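Residue numbers (the UniProt record's numbering): 1 to 464.
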């Protein structure tokens, strides 16, 4: 676990990174050191493969952004994937004269994609597979993609309690790494985790407990009541319960995109709200709990004149805040403004697309509990996602293209109104005034006209 935490630190890029930044080469070499090293265990090697895929994903997103901004020269018939592979080739020990062939690089990339798929919502799930999984992943002809889908679906269906725990542990670990608080991981104990989990809202706890019992999912951890063990509260824990609290004036984690992404949190304390220029940089959770002087509803949330939201109030703030709160309460009935006001951390934006993939797989296999879990996790990811001008269109655009391209064809029209398409359209409608002038937004709504229609319908519904 310590080696994985160290790897996360070495493969997290600073803010405003470019495709030519040396830290990208250093990240590839850090991953290769584990993948090719003889001292690394096969379990750590799996985690390194997943991280290799995340580095590739981030690098390709950076390249796409640079191309849209005309910051790099575009060669004909060479996309971001080819350029990313070239950069990976350059990271080899001997640079341009490396004896490593391109086929070997492509093989590593293929294996990393396979392990990422097996990891699902959390890379820690790769640790559940026995050593027999390694030759299967490497030998494409022994297991095709259809067989892998059935294996992953079976695991996620039968051990949903483990999926939840792994996802929460991943989010907490990534948060501490990106905030340079790795020492806090070693200090955590099972008793401390149990103490935090026991503070959950009783209503949410009972609701999820009944849901698990009704679905016939029995966890080996459920019967334990010892303070030194993880009980049912750890199984039903939601995202906001495991996100560490950031005290006012401390380092904010709103400036990072974890898990091999291109940004590291700022090392400076968050300045008072009034010192910020108006900008598009907030999460739904932070905006919903922003202080409004003329509203007694938020009097209990004031903290020395500082605000949880990074936006200055404007004439549209009240209406936008109402729309955001309505969105949260509609899709997350158990959401608590008071809890969110004390929790400003975010989940990994990179995991948003993976929750959508898990939802799609679960729906294909008619796995009701997993479908609901993936749906709920996706909403939580969106609510705690700290958006910015640089990241919104690339991340949200990929999500829209995936959902409308891969999921909508399998939904009936009646289901679509309450499915992921409806969620994305309502989410976009809440921030359309902030994003309509961003680079790539016009191309997105033109490329996916059905999304544009759904968003317009959501806007009309909000303004009735």
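Virtual Cβ for every residue (Gly too), placed ideally from N, Cα, C.
Quantities reported herein were computed from a predicted structural model and do not represent experimental measurements.
Query raised in the report: At which residues does the alpha helix (DSSP H) containing residue 423 begin and terminate?
Result: If you number the chain shown from 1, residue 423 lands on position 423. Residue 423 -> alpha helix (DSSP H) spans 420–435.
Query raised in the report: Of the residues 120, 354, 319 and 374, which one's Cα is nearest the Cα of residue 331?
Result: To locate residue 331, count along the chain shown from 1; it is residue 331. It is 374.
**Report entry** Unbroken stretches of the beta strand (DSSP E), 3 residues or longer, contained in the region 22–80
**Finding:** Taking 3 residues as the minimum length, the region 22–80 contains no beta strand (DSSP E) run wholly inside it.
Requested in this report: Would you be able to state if there are at least three C-beta pairs under 8 Å between the region 22–29 and the region 38–49?
Outcome: Not touching, per the Cβ criterion.
Report task. Indicate whether residue 420 and residue 177 have their beta-carbon atoms separated by less than 7 Å. Result -> Residue mapping note: residue 420 aligns to position 420 of the chain shown, counting from 1. Residue mapping note: residue 177 aligns to position 177 of the chain shown, counting from 1. Cβ atoms of residue 420 and residue 177: not closer than 7 Å.
Query - Inter-residue spacing [alpha-carbon to alpha-carbon] between residue 160 and residue 370 - result: Here residue 160 is taken as the residue at index 160 of the chain shown, counted from 1. Here residue 370 is taken as the residue at index 370 of the chain shown, counted from 1. When rounded, the distance between both Cα atoms is 7 Å.
Query raised in the report: Would DSSP call residue 13 helix, strand or coil?
Result: Against the chain shown, residue 13 aligns to sequence position 13. In the structure shown, residue 13 sits in coil (DSSP, three-state: anything other than H, G, I, E or B).
Query raised in the report: Are there three or more Cβ pairs, one per stretch, closer than 8 Å when the region 57–68 is compared with the region 127–140?
Result: Touching, no, given that fewer than three Cβ pairs across the two stretches are closer than 8 Å.
Query - Rounded Cβ spacing between residue 466 and residue 137 (contact assumed at less than 8 Å) - result: In the structure as shown, the chain begins at 1 and stops at 464. Residue 466 is therefore absent and cannot be evaluated.
Requested in this report: Kindly indicate which three-state DSSP category residue 387 falls into: helix, strand or coil?
Outcome: As a first step, residue 387 is located in the chain shown; it is residue number 387 there, counting from the start. In the structure shown, residue 387 sits in a strand (DSSP, three-state: E or B).
**Report entry** Buried or exposed by the 16-neighbour rule on C-beta atoms within 10 Å, applied to residue 469
**Finding:** For residue 469 there is no data in the structure shown, the boundaries of the chain being 1 and 464.
Query raised in the report: For residue 460, is the classification buried or exposed, using 16 other Cβ atoms within 10 angstroms of its Cβ as the cut-off for buried?
Result: The residue given as residue 460 occupies position 460 in the chain shown. Result: exposed.
Requested in this report: Identify every residue that forms a DSSP beta bridge with residue 396.
Outcome: Taking the first residue of the chain shown as 1, we reach residue 396 at position 396. Residue 396 is not bridged to any residue.
Query raised in the report: Who pairs with residue 282 in a beta bridge, going by DSSP?
Result: Looking up residue 282 in the chain shown gives position 282. Secondary-structure assignment with DSSP links residue 282 through a beta bridge to 387.
Query raised in the report: Is the Cβ-Cβ distance between residue 56 and residue 84 less than 7 Å?
Result: Locating residue 56 in the chain shown gives position 56, where the first residue counts as 1. Locating residue 84 in the chain shown gives position 84, where the first residue counts as 1. Taking 7 Å as the Cβ cut-off, residue 56 and residue 84 qualify as a contacting pair.
Requested in this report: Note down the Cα distance separating residue 380 from residue 117, rounded to an integer number of angstroms.
Outcome: The residue you call residue 380 lines up with position 380 of the chain shown. The residue you call residue 117 lines up with position 117 of the chain shown. Straight-line spacing of the CA atoms in residue 380 and residue 117 works out to 21 Å.
Report task. Using a threshold of 7 Å, state whether the C-beta atoms of residue 120 and residue 400 are closer than that. Result -> Locating residue 120 in the chain shown gives position 120, counting from the first residue. Locating residue 400 in the chain shown gives position 400, counting from the first residue. Against a cut-off of 7 Å, the Cβ pair of residue 400 and residue 120 comes out as no contact.
Query raised in the report: Which value, in whole angstroms, describes the spacing of the CA atoms of residue 363 and residue 355?
Result: Position 363 of the chain shown, counting from 1, holds the residue named residue 363. Position 355 of the chain shown, counting from 1, holds the residue named residue 355. Distance between the alpha carbons of residue 363 and residue 355: 12 Å.
**Report entry** Straight-line Cα distance separating residue 100 from residue 324
**Finding:** Numbered from its first residue, the chain shown carries residue 324 at position 324. Numbered from its first residue, the chain shown carries residue 100 at position 100. Spanning the two alpha carbons is a distance of roughly 51 Å.
Report task. For residue 352, collect the residues of the same chain with a Cβ closer than 8 Å to its Cβ; drop the 5 residues on either side in sequence, then sort them by chain order. Result -> By one-based count along the chain shown, residue 352 stands at place 352. If we look at residue 352 and ignore the five residues flanking it on each side, its Cβ neighbours are 378, 381, 382, 385, 395 and 399.
Requested in this report: Use the C-beta contact count for residue 19: other C-beta atoms within 10 angstroms, 16 or more gives buried, fewer gives exposed.
Outcome: Taking the first residue of the chain shown as 1, we reach residue 19 at position 19. Counting Cβ neighbours within 10 Å, residue 19 comes out buried, since at least 16 surround it.
Query raised in the report: Would you say the beta carbon of residue 458 comes nearer than 6 Å to a heavy atom of the ligand NAP?
Result: No copy of the ligand NAP occurs in the structure displayed, which carries no ligand at all.
Query raised in the report: So residue 282 and residue 387 are in contact, right, with Cβ under 8 Å, and what is the actual spacing, rounded?
Result: Taking the first residue of the chain shown as position 1, residue 282 is located at position 282. Taking the first residue of the chain shown as position 1, residue 387 is located at position 387. Taking the Cβ atoms as the reference, residue 282 lies roughly 7 Å from residue 387, within the contact range of under 8 Å.
Query raised in the report: From residue 133 to residue 422, what does the alpha carbon distance come to, in whole angstroms?
Result: Mapped onto the chain shown, residue 133 falls at position 133. Mapped onto the chain shown, residue 422 falls at position 422. Linking residue 133 to residue 422 through their CA atoms gives a straight-line distance of about 38 Å.
Query raised in the report: What are the start and end residues of each continuous beta strand (DSSP E) run of 3 or more residues lying completely inside the region 97–123, in chain order?
Result: Segments of the beta strand (DSSP E) lying fully in the region 97–123: there are none.
Query raised in the report: For residue 357, which three-state DSSP category applies?
Result: Along the chain shown, read from residue 1 onward, the residue named residue 357 stands at position 357. Residue 357 sits in a helix when the DSSP states are folded into three classes.
Query raised in the report: I think residue 424 touches residue 403, with their Cβ atoms under 8 Å apart; what is that distance to the nearest whole Å?
Result: On the chain shown, position 424 is the one that residue 424 refers to. On the chain shown, position 403 is the one that residue 403 refers to. The Cβ separation is near 6 Å, so the contact holds.
Report task. Closer than 6 Å by C-beta to residue 91: which residues in its own chain qualify, once you throw out the five before and the five after it? Chain order, please. Result -> In the chain shown, the residue the question calls residue 91 occupies position 91. Setting aside the 5 residues that flank it on each side, residue 91 is surrounded in the same chain by 25, 28 and 29, each with a C-beta closer than 6 Å to its C-beta; the list follows chain order.
Report task. Starting from the Cα of residue 12, find the closest Cα among 67, 86 and 54 and give me that residue. Result -> Along the chain shown, one-based indexing puts residue 12 at 12. It is 54 whose Cα lies nearest to the Cα of residue 12.
Query raised in the report: Using the rule of at least 16 other Cβ atoms within 10 Å of the residue's Cβ for burial, across every protein chain shown, is residue 436 buried or exposed?
Result: For the purposes of this step, residue 436 is taken as the residue at position 436 of the chain shown. Flag for residue 436 reads exposed.
Requested in this report: Would you mind working out which of 22, 51 and 21 sits nearest residue 33, comparing C-alpha positions?
Outcome: Indexing the chain shown from 1 puts residue 33 at position 33. It is 51 whose Cα lies nearest to the Cα of residue 33.
Query - Short Cβ contact (7 Å threshold) for residue 365 with residue 153 - result: Taking the chain shown and counting its residues from 1, the one referred to as residue 365 is at position 365. Taking the chain shown and counting its residues from 1, the one referred to as residue 153 is at position 153. Against a cut-off of 7 Å, the Cβ pair of residue 153 and residue 365 comes out as a contact.
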